[in-house]
Every structure is written in structure tokens, then in C-alpha cells.
Amino acid sequence: MTINRQSMHEILRIRALKQKLSISESSIYNKLNPKSKYFDKTFPRPIRLSPGCVGWVLAEVEEYIEARIAASRNDD
Numbered sequence: 040m041t042i043n044r045q046s047m048h049e050i051l052r053i054r055a056l057k058q059k060l061s062i063s064e065s066s067i068y069n070k071l072n073p074k075s076k077y078f079d080k081t082f083p084r085p086i087r088l089s090p091g092c093v094g095w096v097l098a099e100v101e102e103y104i105e106a107r108i109a110a111s112r113n114d115d
């Protein structure tokens, strides 16, 4: 997958991430929580933007989506 320079540094906030992945906020945080049965070590880690604000790097989210697509195609 080719990623243009602009999207390489674009940040998604939680609302945009939920929309892009079509999952809930609690599902996102479950994927990030090692104690959750839904923990996904391949899920992109958020970056801290300010004390009360996090975001996700768009390029990392897109790589995660591509990996999920590839994995689902290989399960056949």
C-alpha cells in the first residue's frame, strides 16, 4: 500500500477512528487493554496530543485495516 506524505502525519481523533473502523469506543479501548479478552496486540496505539486528548496516526490505522483484510483473505 502506498501512503502519501500528507496522510502519513494525519491524526484521527476517537470519533473519526470509530467511524473508519465501524466499531464502538469501548471496542477500541478493549483492543488496547491487555487484560481484555478482546486485546489485539496489532491494534494501533494512540499518541498523546495533550493531557486529556489522544489520537491515532492515520497511516498506522490504514496498515491495520490492510492487515485485517489480508488475514481474512488467507483464512479461506
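Here the numbering used here is used: the first residue of the sequence shown is 40, the next is one more, and so on. Where a beta carbon is used, it is the ideal one built from N, C-alpha and C, also for glycine.
Checklist entry - Which residues share a DSSP beta bridge with G94? => result Position 55 of the sequence shown holds residue 94. DSSP, once it has assigned bridges, lists I86 as partnering G94.
Next on the checklist: Here's the rule I'm using: 16 or more other beta-carbon atoms within 10 Å means buried, otherwise exposed. How should L88 be labelled?
Outcome noted: Reading the sequence shown from its first residue, position 49 is the one you call residue 88. Looking at its Cβ environment, which holds fewer than 16 other Cβ atoms inside 10 Å, L88 is exposed.
Item to check | Buried versus exposed call for I108 [16 or more other C-beta atoms within 10 Å across all chains shown] | outcome: Stepping through the sequence shown from its first residue, residue 108 is reached at position 69. Exposed: under 16 other Cβ atoms inside 10 Å.
Item to check | Secondary structure of I62, DSSP reduced to three states | outcome: Along the sequence shown, read from residue 1 onward, the residue named residue 62 stands at position 23. When secondary structure is reduced to three states using DSSP, I62 falls in the coil class, being assigned neither helix nor strand.
Checklist entry - Would you report the Cα separation of K74 and K80, rounded to the nearest angstrom? => result Within the sequence shown, the letter at position 35 stands for residue 74. Within the sequence shown, the letter at position 41 stands for residue 80. The alpha-carbon atoms of K74 and K80 are separated by roughly 11 Å.
Checklist entry - So which of R112, N113, W95 has the shortest CA-CA distance to Q58? => result Reading the sequence shown from its first residue, position 19 is the one you call residue 58. Among R112, N113, W95, the Cα nearest to that of Q58 belongs to W95.
Checklist entry - How many angstroms separate the CA atom of A110 from the CA atom of G91? => result In the sequence shown, counting from the first residue as 1, residue 110 sits at position 71. In the sequence shown, counting from the first residue as 1, residue 91 sits at position 52. When rounded, the distance between both Cα atoms is 34 Å.
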